[in-house]
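S.K.: Residues 5 to 814 (this note's numbering) are what the sequence shown spells out, left to right. Quick one: this structure, given as structure tokens, is what I'll be asking you about.
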Amino acid sequence: MEIVFASPEQGGDPVRFDLLGPFNVVHDGRPVVLRGATQRAVLAYLLLRHNEVIATSTLLQAIWADEIPATARKMVQNAVSGLRATLAQRTGAAEQAMLLTHAPGYLLRVDSDQVDVSRFRRLAAEGRTAQAGGDVDQAVSAYRDALALWRGPVLADLTETGVVWPELVALEDQRIAVHEDLFGLELDRGHHHEVLTDLRGMAEANPNRERLNAQLMTALYRCGRHVDALEVYRATRASLAEGLGLEPGKELRELERAILQHDEALLTRRPDPAPRPEPVPSAEPAPVAEPLPFTPAPVIALPRTEPVESERKPVVAIGVALAATPDDDPEEAVEVQARLRTVVEEEALAAGAHLPGESGPVVLALFGLPRTDDDDAVHATRTALRIHDRLVTAGIATQIGVDSGDVLVEFTASGPGQVAGPVLDRCVRSALRAPEGRIRVSDAVREASEPAVVHEASEDSPGWWHAVSARQHPVAEPADPGGFVGRDHDLDLLSHLLGFVERGGRPHRVTVLGEPGIGKSRLLAEFAETLSEQPRIRVLDAGADVAEAFAVVPGLLPQTASRLRTEGGDSALRAAAGELTAYGPLVVLADDLHRADLETRDAVDRLGEACAGLPVLVVASARPGLLEAEHGERCGTTVSLSPLSDDAVGKLLDKLLPGTARLIRGRQDLIGRIGGNPRFAHAYAQGVHGKTTPFPGLGQAMTPPLVRRTLAAQLDNLPTAEKSLLKAASLAGDAFTAEDVAAVCGRDTAEIEGTLSRLASLSVLRREDDDAGYTFRRATLRELVYQRIPRATRTALLRRPVPRRVEALA
């Protein structure tokens, strides 16, 4: 059935629908009165998704979220009839507006310019187009026109009656994103004084928006209020920790450090520190079409934006599909698929995954975008388990697949864009082939997540596994069979500091820093082992919870232990430490502090103050970024573990691989690939034992997955500019100078020299003694960086006349 609201013959101005504020329908400057809450809610929801078929069941769920009354369908039908009558009487527009009964529900077809939401989105899109084209004035004008359409919270009167729709949240997020874009342009034009008041109000209303708060910090700093700027950072950090259990992103931390150092770059344009939100959808919705059958597809096409850079990236993919769809009921099938999609999106986003969209009936989530983490497989498998458990509770049977591999990602200014790669297709097939209610995991994912997840071998698919459950306390890796090599000096230092604590009767903290696998945990374990034969010295393993570690004290009640997690618990902490140090010093070990939450790290920070006058030695281990994030507060002595020497690595290999004949060929090359990292030595040794070496020489061993994961994570933790420079360096030959790299990337030589020097200080590069320039400290890292560059880009760069590089790569 089709009802025409307006016809060309009727004349008059078109009806206008205003949703960005209290809901208004206006015709010829006069409001159109809508009768009843149901009628208003039905029209509002159809307008939010105008020119789109909305199932009746979806309307019912939107209007009565808690409990749908028995007469709900009839009430919706009456509301639709009333809307048709009301609008048909009052509309005299030259444009047509039609309300269609379109199975399985309704379609409201209107010109998008009649709806303020669409005008807002169109203006925002025009602003971004102008900004991308360099027309700043036009962009600012479009953004201001878009924001002027807002008269208050979207559908403010309906939300007061209890209406809570995801579309409203998305619109509010888009409004904030336009504000951020506008503030960014105004800051670039030096208008920090003019926007400061509005910027502060927006940031205070949205304390978890890192980009917004970074803009406020920048504006305050440029206004000469750097103390206030730092206070904004601390407030943002506290809000993220309390509300989401997260730390500020790396870019926001770098901005704080730049303010502390009064970096002159802050006085000029600076890239926004947080990724921009997804682009606002275009104002013109897609035309209505008949639904297509689900079909798997290996490429996920995202909304296109201007590409910034393409890169090959390792990812871990999750694919979730319905085990069975409701027979002969398309409405129920759509609803069940929507519930599945919602659960997957909520769990994946909470775990930091990227959502590329759906591939046929399979909903995908990718871990490793935009940054690789060496625990991506663990995060992905645990997320798959949580998705499975939630959907089982909801009575939805699923098939889930988890696989890993490389993808080609087109990065844009707003983050990852189009993603393509065979792993997506494999993950789709894996999900569709998984037994009902099971999580099908590839062998590579199983190997990478084994310590933290329990798996079962798949009986019907050799080489595949089923994830069963997550271990609450991951199984600790056994002591290195190769023994403790090359760290005697560091062990002696810890013993010396313990003697200092005992003689002085006062606390001290030691922070052991080092890259993943360098031996931090092993050093702490060896130190604890040396103290095990001295009963007067108490050793507490704080693990993930300092309070629980101190709860071993007799008489320390559970509620007292919980108080230790707060600043008010310092007296209880001191009382517990006093009892533990009655006969000798106390050693508190806090391993992998970078993985702990903010609450635990703060508790470790407070140990020294709480235990003043007591012989307490706190030994914490962490990755180097931790001190940078917390600017070195109360860290006491810092021990940075350097890579093992080549001689030490050779001794370790001799212990791991008895039979020196196997180490004659390629031995030095293998040592170079290990790069002084004990965990890498074990990984290569296991590869040899597992016969994954394609040739007799150990130097030709395949790069173990653990090494690839760890190096990929280290690479992605570097600032974008430094990572980009490493790509150019990987094309410049085995040894290269700043001039060689400049010839590849076309950047200033002096700037490149400074960046290369910084990378050498981070042990990513090595400065050669014979004036040959720099080399990668690990050949494996150079190979990894080189492989991340798409072949087309490599080919284009290699065709350029760079004699040294051409000679090296010939």
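Here a beta-carbon is modelled for each residue, glycine too, at the ideal position from N, C-alpha and C. The model shown is predicted, which means the values in this text are computed figures rather than measured ones.
Note down, one range per segment and in chain order, each beta strand (DSSP E) of at least 3 residues found wholly within the segment 732–800.
M.R.: With a minimum length of 3 residues, the continuous beta strand (DSSP E) runs that stay inside the segment 732–800 are 769–771 and 778–780.
S.K.: Curious, which full-length beta strand (DSSP E) runs of at least 3 residues does the segment 339–398 contain?
M.R.: List check, beta strand (DSSP E) in window: 358–363 and 366–371.
S.K.: DSSP three-state label for Asn28, please.
M.R.: Indexing the sequence shown from 1 puts residue 28 at position 24. Strand.
S.K.: By Cβ distance below 6 angstroms, which residues in the same chain neighbour Pro281 in space, the five residues on each side in sequence not counted?
M.R.: One-based indexing of the sequence shown puts residue 281 at position 277. For Pro281, the predicted structure reports a pLDDT of 44, less than 50, and the residue's modelled location is therefore unreliable. A value from the coordinates is still provided. The answer, listed in chain order, is Ala181.
S.K.: So the candidates are Arg437, Gly228 and Val319; which of them puts its Cα closest to the Cα of Ala328?
M.R.: Residue mapping note: residue 328 aligns to position 324 of the sequence shown, counting from 1. Measuring from the Cα of Ala328, the nearest candidate turns out to be Arg437.
S.K.: Return the CA-CA distance between Tyr225 and His686, expressed in angstroms with no decimal places.
M.R.: For this step, residue 225 is matched to residue 221 along the sequence shown. For this step, residue 686 is matched to residue 682 along the sequence shown. Straight-line Cα distance between these residues: approximately 49 angstroms.
S.K.: Out of Asp120, His183 and Asp139, state which residue places its alpha-carbon closest to the alpha-carbon of Tyr209.
M.R.: Taking the sequence shown and counting its residues from 1, the one referred to as residue 209 is at position 205. Here residue 209 is Ala; the residue named in the question, Tyr, does not match the sequence. It is His183 whose Cα lies nearest to the Cα of Ala209.
S.K.: For the beta strand (DSSP E) holding Asp267, just list the boundary residues, first then last.
M.R.: Looking up residue 267 in the sequence shown gives position 263. No beta strand (DSSP E) holds Asp267; DSSP gives it neither H nor E.
S.K.: Could you have a look at Pro318 and say whether DSSP puts it in helix, strand or coil?
M.R.: Your numbering for residue 318 matches position 314 in the sequence shown. The answer is strand: DSSP assigns Pro318 an E or B state.
S.K.: Going by DSSP in three states, Tyr587 sits in which element: helix, strand or coil?
M.R.: Walking along the sequence shown from the start, residue 587 turns up at place 583. Coil at Tyr587, not helix or strand.
S.K.: If you reduce the DSSP assignment to three classes, tell me which class Asp545 lands in.
M.R.: Start at 1 with the first residue of the sequence shown, and residue 545 comes out as number 541. Correct three-state label for Asp545: strand.
S.K.: Just to confirm, are Pro815 and Ala616 a CB contact at a threshold of 8 angstroms?
M.R.: Because the chain is modelled from 5 through 814, residue 815 falls outside the range shown and cannot be assessed.
S.K.: Under three-state DSSP, which class holds Glu56?
M.R.: The residue labelled residue 56 in the question sits at position 52 within the sequence shown. Three-state DSSP puts Glu56 in coil, outside helix and strand.
S.K.: Please classify Lys78 as buried or exposed, where buried requires at least 16 other C-beta atoms within 10 Å of its C-beta.
M.R.: In the sequence shown, the residue the question calls residue 78 occupies position 74. Its Cβ having fewer than 16 others within 10 Å, Lys78 is exposed.
S.K.: Would you say Gly490 and Leu648 are within 8 angstroms of each other, going by their C-beta atoms?
M.R.: Reading the sequence shown from its first residue, position 486 is the one you call residue 490. Reading the sequence shown from its first residue, position 644 is the one you call residue 648. Going by C-beta atoms, Gly490 is nearer than 8 angstroms to Leu648.
S.K.: Can you tell me whether Cys883 is buried or exposed? The criterion is at least 16 other CB atoms within 10 Å of its CB, across all chains shown.
M.R.: Outside the shown range of the chain (5 to 814) lies residue 883, about which nothing can therefore be said.
S.K.: For Leu497, which residues in the same chain have their Cβ closer than 7 angstroms to its Cβ, ignoring the five residues on either side in sequence?
M.R.: By one-based count along the sequence shown, residue 497 stands at place 493. Closer than 7 angstroms at Cβ, skipping near neighbours: Val643.
S.K.: Is it the case that the segment 310–324 contacts the segment 391–409, given that we only count it when at least three CB pairs across the two stretches are under 8 angstroms?
M.R.: Yes: the two stretches touch, three or more of their Cβ pairs being nearer than 8 angstroms.
S.K.: State the DSSP-derived secondary structure class of Glu414, mapped to helix, strand or coil.
M.R.: On the sequence shown, position 410 is the one that residue 414 refers to. DSSP places Glu414 in strand when its eight states are reduced to three.
S.K.: With contact counted as at least three CB pairs below 8 angstroms, one residue from each stretch, are the segment 419–428 and the segment 454–462 in contact?
M.R.: Short answer: they don't touch.
S.K.: Which two residues bound the contiguous alpha helix (DSSP H) that contains Gly852?
M.R.: For residue 852 there is no data in the structure shown, the boundaries of the chain being 5 and 814.
S.K.: Cutting at 6 angstroms between CB atoms, please list the residues of its own chain near Gly588, excluding the five before and the five after it.
M.R.: Counting from one through the sequence shown, the residue named residue 588 turns up at place 584. Arg540 and Ile541.
S.K.: So what does DSSP say about Val406, is it helix, strand or coil?
M.R.: Against the sequence shown, residue 406 aligns to sequence position 402. Strand.
S.K.: I think Pro682 touches Leu656, with their Cβ atoms under 8 angstroms apart; what is that distance to the nearest whole Å?
M.R.: In the sequence shown, counting from the first residue as 1, residue 682 sits at position 678. In the sequence shown, counting from the first residue as 1, residue 656 sits at position 652. Yes, Pro682 and Leu656 are in contact; Cβ-Cβ is about 6 angstroms, under 8 angstroms.
S.K.: Buried or exposed for Ser706, going by 16 or more other Cβ atoms inside 10 Å?
M.R.: For the purposes of this step, residue 706 is taken as the residue at position 702 of the sequence shown. One point to set straight first is that residue 706 is Met, not Ser, in the sequence displayed. It counts as exposed.
S.K.: Can you look up Ile72 in the DSSP assignment and give me helix, strand or coil?
M.R.: Position 68 of the sequence shown holds residue 72. Coil at Ile72, not helix or strand.
S.K.: What residues in its chain sit with their C-beta under 8 angstroms from that of Thr759, if we drop five residues either side in the sequence?
M.R.: Stepping through the sequence shown from its first residue, residue 759 is reached at position 755. So the list reads Ala725, Glu726 and Leu729, once near-sequence residues are dropped.
S.K.: Roughly how many whole angstroms lie between the Cα atoms of Pro252 and Leu220?
M.R.: Against the sequence shown, residue 252 aligns to sequence position 248. Against the sequence shown, residue 220 aligns to sequence position 216. So the alpha carbons of these two residues sit roughly 15 angstroms apart.
S.K.: Closer than 6 angstroms by C-beta to Val621: which residues in its own chain qualify, once you throw out the five before and the five after it? Chain order, please.
M.R.: As a first step, residue 621 is located in the sequence shown; it is residue number 617 there, counting from the start. According to the sequence shown, residue 621 is Leu rather than Val. If we look at Leu621 and ignore the five residues flanking it on each side, its Cβ neighbours are Leu502, Val505, His512 and Val591.
S.K.: Thinking Ala325 and Val348 are a contact (beta carbons under 8 angstroms), I'd like their distance in whole angstroms, please.
M.R.: Numbered from 1 along the sequence shown, position 321 holds the residue referred to as residue 325. Numbered from 1 along the sequence shown, position 344 holds the residue referred to as residue 348. 10 angstroms between Cβ atoms; not a contact.
S.K.: Under the assumption that Val19 contacts His31 (Cβ atoms under 8 angstroms), give the Cβ distance between them as a whole number of angstroms.
M.R.: Counted from its first residue, the sequence shown places residue 19 at position 15. Counted from its first residue, the sequence shown places residue 31 at position 27. Their Cβ separation, rounded to whole angstroms, is 5 angstroms, which keeps Val19 and His31 in contact under 8 angstroms.
S.K.: Report back the beta-carbon spacing between Gly156 and Gly25 to the nearest angstrom; my notes put them in contact at under 8 angstroms.
M.R.: On the sequence shown, residue 156 is found 152 positions in, with the first residue counted as 1. On the sequence shown, residue 25 is found 21 positions in, with the first residue counted as 1. That belief holds up - the Cβ atoms of Gly156 and Gly25 are roughly 4 angstroms apart, short of 8 angstroms.
S.K.: Looking at the secondary structure, which residues open and close the beta strand (DSSP E) in which Ile180 lies?
M.R.: Taking the sequence shown and counting its residues from 1, one reaches residue 180 at position 176. Looking at the DSSP string, Ile180 is not in any beta strand (DSSP E); the run it does join, the alpha helix (DSSP H), is Pro170 to Asp192.
S.K.: Can you tell which of Ala452, Ala626, Leu584 and Val427 has the C-alpha that lies nearest to the C-alpha of Val1?
M.R.: Here the chain covers residues 5 to 814 and nothing more, so residue 1 does not appear.
S.K.: Where do the N-terminal and C-terminal ends of the alpha helix (DSSP H) with His196 fall, by residue?
M.R.: Translated into the one-based positions of the sequence shown, residue 196 becomes position 192. Per DSSP, His196 belongs to the alpha helix (DSSP H) from His196 to Ala209.
S.K.: Excluding the 5 residues flanking Lys695 on each side, which residues of the same chain have their C-beta closer than 8 angstroms to its C-beta?
M.R.: Position 691 of the sequence shown, counted from the start, is the residue given in the question as residue 695. The predicted model places Lys695 with a pLDDT of 49, which falls under 50 and marks its position as unreliable, so this point remains unresolved.
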